[in-house]
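Chains as they are written, first to last, in my numbering: chain A, -6 to 299; chain B, -6 to 299.
In what follows, a single structure is set out as structure tokens and then discussed.
What follows is the structure in structure tokens.
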């Protein structure tokens, strides 16, 4: 067992020590990579592009290490660069974990039977090809399809974040539809309660079963919290998508060092602030990056103290 | 434009010529790789494993070329082997397309905004890092999240297969729940009708908007066909999952050379028949493989003639 400790225990202990729940998202959207790091045409499968993005994200990882508990690479942007992007992602995950950063892979995977076992084995299992600490999952194929991930979470101390209510404007197309008196996202939350109970951490009482609930829907987040009192919340939508720090922690509850119970993600407001994108020297980039990072840390620290 | 022709037109013209709708799934589940090709421990990230699986699947591609219209690699099994698995998949897709096989990537992707654009760009766009002809998608995040894929389908003649009713026993957990008098999978089908209309082929009248409907649920497949008369059906569950050829073509309709309107997938019954798994010589493997392939082709040819 690489990590005998329950994921939720590890994560919550770190966020208590740091005093904030910030998760830094790694979304290497090519058109937004800062000037200082750009090389050549930035075409997705160009060797220069791969080297440029890797240099940028290595610096990001080095600068956030020790300041946040966890980072969240969005695998779509690495797949955009083909297998070389996946090789880069593999190296970045290893670098982050060596620097004592936890890694939550935003992959939104979901499939049936041995195919789900394939995904669980790829990222969470004891012999994972690209080991990470947690992964995001899509529940549309049914709760049984989450089981291979639950087994890996139990066996090697990993975490699972299941999509419940996503942050996008059209998330209601299916998630808000009325299913016998309750919205579909509420039915998904109800269906996760057995897994929540299976993955409780003995130290903190939090579960390694998490849910994705966008900061753009604070009322719905409170409803999901009622259904899943011990689930960790992964909250996207803070920062670039317009939600405030206070909205983002709607589902959090009082803990030993302020409100706790999840992660608030920020990707672009930190990676791609205007001053950081335009910086002409390494020194000015680093200072602009730190300013954006500190702003998020300070806002969230204040929100969980309140 | 690499492929100016509409995906549905290209696919249906090929299945008419061949006289059957068989799609061969590439599911390299490591414990099942035939004896003849196994090398070393078959650990997922071992260089010998990568070489063994690649040699096996190259032979499979060469043997099915000219016999079927399309193959369906399941990306989970390649991700299981890390970035080296993705590099292998990239090579296999290129080999297949060079042999005039279409490639449907079974990835079940789904995400929001520019992240969805990342996936669409990675696999479907004009400058895709790993170009394929079609992809499977998960609709849980809402219909707007399909738009980047629809644009790529229109621009470069690609196909989209959206999960509607999956073949697994627990697919009903969410998909069968009653949404204001209709099951959720029916609501998904209804929501796809505008995209169906946007992607019609001028030659055959079929749409490059497809749906995934398991052969294990023939009644539900007929219901989805009523909602989407021009959608292509990708039908898993035939063969190893127990559904008959007749069940698999429940959603098909009379065309110019028998029943048409979709693809019936078979992966393991073809790749991993007992005689093929145990074959001691290349000749006996090839003959066992061809026997399993011919059985599926013959059953499905008969089912669409009936």
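Ideal Cβ placement from N, Cα and C applies to all residues, glycine included.
Residue 151 of chain B - DSSP class collapsed to helix/strand/coil: Taking the first residue of the second chain as position 1, residue 151 of chain B is located at position 158. Residue state, collapsed to three classes: coil.
Assumed close pair residue 60 of chain B, residue 286 of chain B - CB separation to whole angstroms, cut-off 8 Å: As a working note, residue 60 of chain B is residue 67 in the second chain. As a working note, residue 286 of chain B is residue 293 in the second chain. Right, the Cβ-Cβ distance comes to about 7 Å (below 8 Å), so this counts as a contact.
Sub-8 Å separation of residue 83 of chain B and residue 78 of chain A beta-carbons: Your numbering for residue 83 of chain B matches position 90 in the second chain. Your numbering for residue 78 of chain A matches position 85 in the first chain. Contact: no.
Any C-beta of chain B under 8 Å from that of residue 239 of chain A: Your numbering for residue 239 of chain A matches position 246 in the first chain. Answer no: the Cβ-Cβ gap between residue 239 of chain A and chain B never drops below 8 Å.
Selection of the stretch 96 to 107 of chain A by Cβ proximity to chain B, strictly under 7 Å: 101, 103, 104, 105, 106 and 107
Within-8 Å CB hit, residue 50 of chain A to chain B: Numbered from 1 along the first chain, position 57 holds the residue referred to as residue 50 of chain A. Not closer than 8 Å to any Cβ of chain B, the Cβ of residue 50 of chain A fails to qualify, so no.
Whether residue 199 of chain A touches residue 5 of chain A by CB criterion (8 Å): Here residue 199 of chain A refers to the residue found at position 206 of the first chain. Here residue 5 of chain A refers to the residue found at position 12 of the first chain. Taking 8 Å as the Cβ cut-off, residue 199 of chain A and residue 5 of chain A qualify as a contacting pair.
Cutoff 7 Å; reference residue -2 of chain B; Cβ partners in own chain excluding five residues on either side: Position 5 of the second chain, counted from the first residue, corresponds to residue -2 of chain B. Only 150 meet the Cβ criterion.
Which listed residue (B:127, B:132 and B:122) has its alpha carbon closest to that of residue 105 of chain B: The count along the second chain starts at 1 and reaches residue 105 of chain B at position 112. Of the listed residues, the one whose Cα sits closest to residue 105 of chain B is B:132.
Beta-carbon neighbours of residue 123 of chain B, restricted to chain A and to distances below 7 Å: Along the second chain, one-based indexing puts residue 123 of chain B at 130. Those within 7 Å of residue 123 of chain B in chain A are 75.
Per-residue burial, residue 28 of chain A [other beta carbons within 10 Å of its own, 16 or more giving buried]: Counted from its first residue, the first chain places residue 28 of chain A at position 35. Exposed, because fewer than 16 other Cβ atoms sit within 10 Å of the Cβ of residue 28 of chain A.
Residues in the stretch 3 to 27 of chain A having any Cβ partner in chain B nearer than 7 Å: 22
Backbone secondary structure at residue 245 of chain A - three-state DSSP: Position 252 of the first chain, counted from the start, is the residue given in the question as residue 245 of chain A. DSSP places residue 245 of chain A in coil when its eight states are reduced to three.
Nearest-angstrom Cα separation, counted from residue 172 of chain A out to residue 249 of chain B: Reading the second chain from its first residue, position 256 is the one you call residue 249 of chain B. Reading the first chain from its first residue, position 179 is the one you call residue 172 of chain A. The alpha-carbon atoms of residue 249 of chain B and residue 172 of chain A are separated by roughly 42 Å.
Listed by chain order, chain A residues near residue 316 of chain B by CB distance under 7 Å: The requested residue 316 of chain B does not occur in the structure, where chain B is confined to residues -6 to 299.
Same chain only: Cβ atoms within 8 Å of residue -4 of chain B, ignoring 5 sequence neighbours per side: Within the second chain, numbered from 1, the residue matching residue -4 of chain B stands at position 3. Note that residue -4 of chain B scores a pLDDT of 47, beneath 50, so its modelled location is shaky and nothing firm can be said.
Distance between residue 201 of chain B and residue 194 of chain A (C-alpha atoms, nearest Å): On the first chain, position 201 is the one that residue 194 of chain A refers to. On the second chain, position 208 is the one that residue 201 of chain B refers to. About 47 Å.
Interface residues of the stretch 36 to 47 of chain B facing chain E [CB-CB below 8 Å]: Considering every chain present, this structure includes no chain E. Its protein chains are A and B.
Validate contact between the stretch 178 to 197 of chain A and the stretch 216 to 235 of chain A using beta carbons, cut 8 Å, 3 pairs: yes
8 Å CB neighbourhood of residue 245 of chain A in its chain, flanking five on each side removed: By 1-based counting over the first chain, the position of residue 245 of chain A is 252. Same-chain partners within the cutoff: 14, 226, 252, 253, 254, 255 and 297.
Helix, strand or coil at residue 159 of chain B [DSSP, three-state]: For the purposes of this step, residue 159 of chain B is identified with residue 166 of the second chain, where counting begins at 1. Residue 159 of chain B falls in the coil class under three-state DSSP.
In chain order, each alpha helix (DSSP H) run of at least 4 residues that lies wholly inside the stretch 183 to 213 of chain A: 186 to 191
Residues bridged to residue 258 of chain A [DSSP beta-bridge criterion]: Walking along the first chain from the start, residue 258 of chain A turns up at place 265. Beta-bridge pairing links residue 258 of chain A to A:16.
Closest Cα partner of residue 109 of chain A within the set A:137, A:88 and A:90: Looking up residue 109 of chain A in the first chain gives position 116. Closest by alpha carbon: A:137.
Span separating the alpha-carbon of residue 97 of chain A from that of residue 140 of chain B: Within the first chain, numbered from 1, the residue matching residue 97 of chain A stands at position 104. Within the second chain, numbered from 1, the residue matching residue 140 of chain B stands at position 147. Cα-Cα distance, rounded: 27 Å.
Under 8 Å by beta carbon: chain A residues contacting residue 173 of chain B: As a working mapping, residue 173 of chain B is identified with position 180 in the second chain. Near residue 173 of chain B (Cβ distances below 8 Å), the residues of chain A are 170 and 171.
Straight-line Cα distance separating residue 67 of chain B from residue 10 of chain A: By one-based count along the first chain, residue 10 of chain A stands at place 17. By one-based count along the second chain, residue 67 of chain B stands at place 74. Straight-line Cα distance between these residues: approximately 42 Å.
Status (buried if at least 16 other CB within 10 Å, exposed otherwise) for residue 292 of chain B: The count along the second chain starts at 1 and reaches residue 292 of chain B at position 299. Burial call: buried.
Neighbour-count burial assignment, residue 25 of chain B, 16 or more Cβ in a 10 Å radius: Residue 25 of chain B sits at position 32 when you count from the first residue of the second chain. Exposed, by the Cβ-count rule.
C-alpha distance - residue 32 of chain B paired with residue 38 of chain B, whole-angstrom precision: As a working note, residue 32 of chain B is residue 39 in the second chain. As a working note, residue 38 of chain B is residue 45 in the second chain. So the two alpha carbons sit approximately 13 Å from each other.
Nearest-angstrom Cα separation, counted from residue 228 of chain B out to residue 236 of chain B: Reading the second chain from its first residue, position 243 is the one you call residue 236 of chain B. Reading the second chain from its first residue, position 235 is the one you call residue 228 of chain B. One C-alpha to the other measures close to 10 Å.
Chain-order list of residues whose beta-carbon lies under 6 Å from that of residue 54 of chain A (same chain, five-residue window excluded): As a position in the first chain, residue 54 of chain A is number 61, starting the count at 1. Correct list, in chain order: 88 and 89.
Close beta carbons around residue 289 of chain A, own chain, < 7 Å, minus the five adjacent residues each side: On the first chain, residue 289 of chain A is found 296 positions in, with the first residue counted as 1. These residues qualify, in order along the chain: 15, 232, 259, 262 and 263.
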